[in-house]
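Worksheet: one structure, shown below.
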Amino acid sequence: MNWNLRPILVAIWRSPTGALLVALQVALALAVLVNAAGIVQQRVQKVGRPNGMDTPNQFVVAVSGFTREFDYTAMLATDLAWLRGLPGVVAASVTSAVPLLDSGSSAGIRNAPGLKAGRQANIFEMDEQGLAALGVRLVAGRAFSAEEILPPAQGNQALPQILLTRALARVLFPDGDALGRQVYDPLDRPITVTGIIEHMHGNWVDWDKLDHVAIVPRVPEGPQALYLVRTRAGERDALMRRVEEHMATSDPTRLLLWVRSMSSIERRAYLADRNLAIFLTAVTAALLLVAALGIFGLATYNVAARTRQIGTRRALGARRGDIVRHFLLESSLVTTAGATAGVALALAAGYWLSVTWQLPRPGLLHLSTGVAAVWIIGLLAAWQPARRAAAVPPAVATRTV
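For the sequence shown, the positions run 36 to 436 when the working numbering is used.
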């Protein structure tokens, strides 16, 4: 096999503009591909992480009183009794916030009195059916009883019990089991941990403490109320329609604000991440296509410009495989030069993105996969022009001026 590179390098040196432009296209495409792949992988993992809840079988109802006659406590009692009595409803609870809705409250929880700063956590106020409505798994302890649920807070009301996610419990008590131990609020009042939740997501999907969740036994303050409803499998949509119709007409002193499934809330929470992944994938595909077209165009131009030389080589005994190999090797050299520059550009761009936006730097796997991808694309793009060059008969080629 003849791997003489000198004629190829001389040909590129004599007319470097096209090769340089194609190499720059390859470098840019590779830099974008490598960094975009890391970002897309991160976003896909973020969107796909489990939230710990029974999302496909949950929906949320938001209502709010607006008249002088409005009675918040009476409304809660009436609505919850009606919701829990519906066939197909597993559990229903009033809640101070909805997981993944990008709205709620957080607070610092301390594992000892006198500490200035606590561990930040998502805080949810729920009643005795809160855990069942969430569909989360309790790995230790117990849920709240109806007798333990406090009325809406009047000032800074002390809390006797609290439920923690396992992630939060491990941070607060890294040396052992958190069940039965005490945590402290900002006023240094003790709260007993009565249960540990296996896993649950809080309010803000971009927060690094998303799984640090605490649930307290208290009815949220009005006049707005959020009801989290969990249904049997396959009955959510029908129950949503029935609940929406009832809530819109049953009480003239309040307004129905919205009814949403937890699935739609989750989709909306990760919409920006999905859109970014789709956008980066489309941009990367477009750049790879442009690079492939550049390689194809350069190879096609070289074949047309060197028809006479091709014919001469064929007349001197060069086989078709030699001609194909020549143009594929020339394309590979241009692609390699672009890939080399692209690796350096990808590393520089990855460093800047990690420092500026805390995005992941490209790893060896992404770099090697990216280089292999542009190499394969380069060979495929040059394959057809190379075959066309090899198909030119020697007699016709030598007569071409």
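We put the beta carbon where it would ideally sit given N, CA and C, even for glycine.
The structure displayed is predicted, hence computed values, not measured ones.
- Around V409, the same chain offers V61, A64, L65, L68, L323, A326, T370, G373, A374 and G377 as residues with beta carbons nearer than 8 Å, after the five sequence neighbours per side are excluded.
- Within the DSSP bridge table, the entry for Y262 names V96 and V129 as partners.
- Per DSSP, the continuous alpha helix (DSSP H) segment holding V409 begins and ends at L399 to A425.
- Within 10 angstroms of the beta-carbon of Y386 lie fewer than 16 other beta-carbons, which makes it exposed.
- Counted as a single uninterrupted DSSP element, the stretch harbouring L351 is not any beta strand (DSSP E), since DSSP gives it neither H nor E.
- In the structure shown, Y305 adopts coil according to DSSP, grouped into three states.
- Secondary structure note for A249: it is in no alpha helix (DSSP H), and the uninterrupted beta strand (DSSP E) holding it is V248 to P252.
- Setting aside the 5 residues that flank it on each side, V338 is surrounded in the same chain by I345, F362, P420, A421, R423 and A424, each with a C-beta closer than 8 Å to its C-beta; the list follows chain order.
- Taking a 10 Å sphere around the C-beta of E301, we find 16 or more other C-beta atoms and assign the residue as buried.
- Look at the segment 274-322 and you find these whole runs of alpha helix (DSSP H), each 4 residues long or longer: 297-304.
- Around the C-beta of D210, fewer than 16 other C-beta atoms lie within 10 Å, and the residue is accordingly described as exposed.
- Out of M297, R78 and L214, the CA that lies nearest to the CA of D89 is found in M297.
- In this structure, P397 sits near N70, with a CB-CB distance shorter than 9 Å.
- By the 16-neighbour rule on beta-carbons within 10 angstroms, V359 is buried.
- Taking C-beta atoms under 8 Å as the contact rule, L169 and M275 fail to qualify, at a distance of about 18 Å.
- Cβ-Cβ distances below 8 Å link A178 to E163, G165, L166, A167, L198 and G230 in the same chain, with the five nearest sequence neighbours on each side left out; the list follows chain order.
- Boundaries of the beta strand (DSSP E) harbouring V218: Q217 to Y219, taken from the DSSP string.
- Looking at R348, D212 and Y107, the one whose alpha-carbon comes closest to that of V228 is D212.
- In the same chain as F208, and ignoring 5 residues on each side of it, the C-beta atoms closer than 8 Å to its own belong to N146 and R216, in chain order.
- The beta carbon of V124 is closer than 7 Å to those of L118, V264, T266 and L274 in its chain, skipping five residues each way along the sequence.
- In this structure the segment 304-316 touches the segment 69-86; the number of beta carbon pairs closer than 8 Å is three or more.
- Secondary structure within the segment 183-242: the beta strand (DSSP E) runs of 3 or more consecutive residues, fully enclosed, are 196-200, 217-219 and 225-232 (chain order).
- In this structure, DSSP gives L173 an extended state, which the three-state scheme calls strand.
- Residue environment analysis places V57 among the buried positions, since at least 16 neighbouring C-beta atoms fall within 10 angstroms of its C-beta.
- Beta-bridge partners assigned by DSSP to N157: S141 and V248.
- By the C-beta density criterion, V95 is buried, having at least 16 other C-beta atoms within 10 angstroms.
- Per DSSP, the beta-bridge partners of V124 are T266.
- If the five residues before and after T200 are omitted, its C-beta is found closer than 7 Å to the C-beta atoms of I232, H234, M235, D246, H247 and V248, all from its own chain and listed in chain order.
- Looking at the backbone, the Cα of P122 and that of Y262 are separated by about 17 Å.
- Taken through DSSP and simplified to helix, strand or coil, F101 comes out as coil.
- At least 9 Å separates the beta-carbon of F331 from that of A407.
- Non-local beta-carbon contacts of A188 in its own chain, meaning distances under 7 Å to residues more than five positions away in sequence, involve R253 and E256 in chain order.
- With 16 or more other Cβ atoms from the protein chains shown falling within 10 Å of its own Cβ, E365 counts as buried.
- By a beta-carbon distance limit of 8 Å, S128 contacts M161. Their separation comes to about 5 Å.
- Per the coordinates, the alpha-carbon of S389 lies some 11 Å from the alpha-carbon of G73.
- Looking at the backbone, the Cα of R103 and that of A202 are separated by about 44 Å.
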